[in-house]
Each structure stands twice: as C-alpha cells, then as structure tokens.
Amino acid sequence: MRSLLVVDHPMTESELQSEQLSKKLTPKYILEAYGYQVIRANDEKKAELQMSSADALILHLPLDAVKAWGTKLLKQKTIPLLWWCSASTASLSLAFCEDDVPVDGILTPSMGEQELHWALHFGSKQCFERQQWLNERKQLEGRLEERKWIDMAKGILCKIKNISEAEAYDVLRKQAMNERKRMVDVATSIVKVYQILQDQK
C-alpha cells in the first residue's frame, strides 16, 4: 500500500495560519516523509477522480463528514478508509463519537513510521474482513429471499392441489428440472401468476 488519497477539511483563515506554523503535522507532510505517495484532494470532484489510483482513503475531516465522504467515495472502489485524527478534527467530532462511522482504522500526527505502517496494514485487513462480511450477509439475504418465494409457492400449491408441503416441494423441484430453471425462478413465476389471478377475481 503506497498510494494514499488524503481528503482534507476546508480550513478557516486561522486554521490556515496555524497549519503554516505546524505544516509538519499535516497528513501529506508526515505520510510523504515516511515514503508514501500522497494524492491530496479537498473537494468531491477531485477525490472521485483520484479514487482509481489510491490504495487507501485517509479522511482528515470531522467524523460527521467522514461518514458522508466515505459512503460516497467507497461506492467507486473498495479500499481501506482511515480517519486522520488531529487536534482540530478530534475537537470538531465530539458530538459524533457515538455515530456509526465506517472507518477501518485511525491515524494520528504523533505516530512514528512503524506505527503508521502497522495502522495501515491492520486497516487494510479490517477493510477486507468487512467486505467479506458484507458479501456473506448479501448471500444470506439472497437465500432468505429465495426461501420466501419457495415457501409462498409451496403454500399456493398446497392450497390449489390439496397436497402436503413435502409434495408441493417435490412438484416445484420436478418443474424446475423439467424447465431447466432454478427452483426459486419457478416459485416466483407461480406466486406472480397466482397473484394476477387473485387480483382479477
């Protein structure tokens, strides 16, 4: 992980002056000093354009903005999202500490090179695990949805043909094999046709 996209929060005049005095505490300065390639963006369009070449997204923003920016940018590409917790972003985030913010790690200006390296490493690992969990959740939701259609179709077949659930399941399975379709597709067709017929009564 070498190319890091850093999104900074818009600064007031006084913050700009204090940043000039403490430039060595900025994410760009620190990360470049440790050998990382830093792509800096302070507006949405630039950040969206730079996402394709970034290995990680570092948001130097208050936590409420982290959630909004992170959600939008991570739709483009799945990469680790880390929060740069400086004195200014920490003080602006007090009201949002209980919010569900999708960060994979936290970086601070006081971290040394090795600490930063390991924080990025574990952030990357956390991102991968979160993505895997989301994929598994999506698959489970899909299976539940399929089960719902199959159960509805079984109920309809039981009612119309006056058969047991096991027999209705066999009818669905055989029909799916005959049509060379998935059982859920056959079940969905049965339910939809039944609903159309019921609406016409």
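In this text, residue positions in the sequence shown follow full-length UniProt numbering: the first is 1, and each later residue adds one.
For every residue, glycine included, the Cβ atom is placed at its ideal position computed from N, Cα and C.
Since this is a predicted model, take the numbers as computed values, not measurements.
| Query | Result |
| --- | --- |
| Cut-off 7 Å between Cβ atoms - residues of its own chain near residue 61, not counting five sequence neighbours on either side | 7, 9, 69, 89 |
| The region 103-121 touching the region 42-51, judged by at least three CB pairs closer than 8 Å | no |
| Anticipated Cβ contact below 8 Å, residue 154 with residue 172, distance rounded | 7 Å |
| Selected residue, minimal CA-CA separation from residue 79, among 86, 197, 2 | 2 |
| Residue 54 beta carbon less than 8 Å from that of residue 39 | yes |
| C-beta atoms of residue 149 and residue 193 nearer than 8 Å | no |
| Host beta strand (DSSP E) of residue 54 (start-end) | No beta strand (DSSP E) holds residue 54; DSSP gives it neither H nor E. |
| Nearest-angstrom beta carbon gap, residue 142 and residue 122 [assumed within contact, 8 Å] | That belief does not hold up - the Cβ atoms of residue 122 and residue 142 are roughly 30 Å apart, past 8 Å. |
| Same chain, Cβ closer than 6 Å to residue 64, neighbours up to 5 away in sequence not counted | 96 |
| Close Cβ partners of residue 5 (< 6 Å) along its chain, the five nearest in sequence each way excluded | 39, 50, 54, 57 |
| Start-to-end residues for the alpha helix (DSSP H) that takes in residue 66 | 63-73 |
| DSSP beta-bridge partners of residue 58 | 6, 82 |
| Residue 93 beta carbon less than 8 Å from that of residue 25 | no |
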